[in-house]
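Undergrad: If you scroll down you'll find the structure; I have some questions about it.
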Amino acid sequence: MTDQKNRPLQIGVTGGIGSGKSIVCKIFSCLGISVYDADSRAKWLTNADPEIRAKVIELLGSKSYDEHGNYNRAFVASLVFKNEILLRRLNSIIHPVVQRDTEKWVLDRQKESYIIKEAAIMNAAKDSNSLDYVIVVQSPVELRIKRILERDSRSEEEIRAIIERQVSDTERNEIADFIIHNDEETALIPQVLKLHKLFQDRESIII
């Protein structure tokens, strides 16, 4: 592994649906920090990467992509939602391609002080990943539900079901090196600025 002093720190940002992790990452981006959105990138690669396309069609059939060549998310979800074996096989197709894409993205940014990887699912730093630290964005459940109702065409029942399926706040906090509170009571930008300064001066980080 490259000496830590000669490579960018890799910072993971995660949080439950509606927590505001994307807003936090946008603030980092406005500060000039490169952000890799793993979930959005995976969606793009599932549409654009020929290796993924061929293997998904082989696994789930031609209806996995519509007549315009777009990934048929609803159809695929209907097949894998309650079939753990199919879901694992689908993930085994997509995840290696996303991993290679991530590694190339990191290599292209070796001169930066630190970079951000945003993802809904994340392990602790150094747990089967190259992350140095993990930031968890935390927000009260009822506030998260309110935000999602305002932005998405989902019912409250659907949103609560999604939250139930996701990792709990307690489990997320166990992997957190830093926590950002996005509760509309604690100012958000100062929290990000504090971490930005800390990551730029990596010698001062004490966990």
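Each residue of the sequence shown is one higher than the one before, counting from 4 in this note's numbering.
Idealized CB from N, CA, C, for every residue including glycine.
(1) Where do the N-terminal and C-terminal ends of the beta strand (DSSP E) with residue 120 fall, by residue?
(2) Decide if residue 138 is buried, meaning its Cβ has at least 16 other Cβ atoms within 10 Å, or exposed.
(3) Does DSSP classify residue 102 as helix, strand or coil?
(4) Please look up how many angstroms separate the CB atoms of residue 48 and residue 92, rounded, as I've assumed it's under 8 angstroms.
(5) How long is the line joining the alpha carbons of residue 140 and residue 99, rounded to whole angstroms?
(6) Give me the residue from 9, 11, 15 and 116 with the minimum Cα distance to residue 131.
(7) Sort out for me which residues DSSP pairs residue 14 with in a bridge.
(8) Within the chosen definition, does the region 48 to 58 reach the region 154 to 165 through at least 3 CB pairs nearer than 8 angstroms?
(9) Let me know the secondary structure DSSP gives residue 184 once reduced to three states.
(10) Measuring straight from C-alpha to C-alpha, what distance separates residue 143 and residue 123?
(11) Please go through the same chain and pick out, in chain order, the residues whose beta-carbon is closer than 7 angstroms to the beta-carbon of residue 127, but skip the five residues on each side of it.
(12) From the DSSP output, in three-state form, read off residue 38 for me.
(13) Could you tell me the distance, in whole angstroms, from the CA atom of residue 152 to the CA atom of residue 206?
(14) On the DSSP letters alone, give me the boundaries of the alpha helix (DSSP H) that residue 143 sits inside.
(15) Give the straight-line distance between the Cα atoms of residue 107 and residue 39, rounded to the nearest whole angstrom.
(16) Measuring straight from C-alpha to C-alpha, what distance separates residue 30 and residue 70?
TA: Let's see:
(1) It spans 117 to 121 - the beta strand (DSSP E) in which residue 120 sits, taken as one unbroken run.
(2) Here residue 138 is buried, its C-beta having at least 16 other C-beta atoms within 10 Å.
(3) Reduced to three states, the DSSP call for residue 102 is helix.
(4) The Cβ separation is near 17 angstroms, so there is no contact.
(5) C-alpha separation (whole angstroms): 26 angstroms.
(6) Among 9, 11, 15 and 116, the Cα nearest to that of residue 131 is on 15.
(7) 119 and 136, per the DSSP bridge assignment.
(8) The region 48 to 58, when compared against the region 154 to 165, does not touch it at the 8 angstroms Cβ threshold.
(9) The answer is strand: DSSP assigns residue 184 an E or B state.
(10) Counting only the Cα atoms, residue 123 lies some 17 angstroms from residue 143.
(11) Excluding residues within five positions, the ones whose Cβ falls inside 7 angstroms are 137 and 178.
(12) Secondary structure of residue 38 (DSSP, three-state): strand.
(13) The C-alpha of residue 206 is placed about 42 angstroms away from the C-alpha of residue 152.
(14) Annotation: residue 143 is outside any alpha helix (DSSP H) and is labelled neither H nor E by DSSP.
(15) Going from the Cα of residue 107 to the Cα of residue 39 covers about 11 angstroms.
(16) Rounded to the nearest angstrom, the two C-alpha atoms are 38 angstroms apart.
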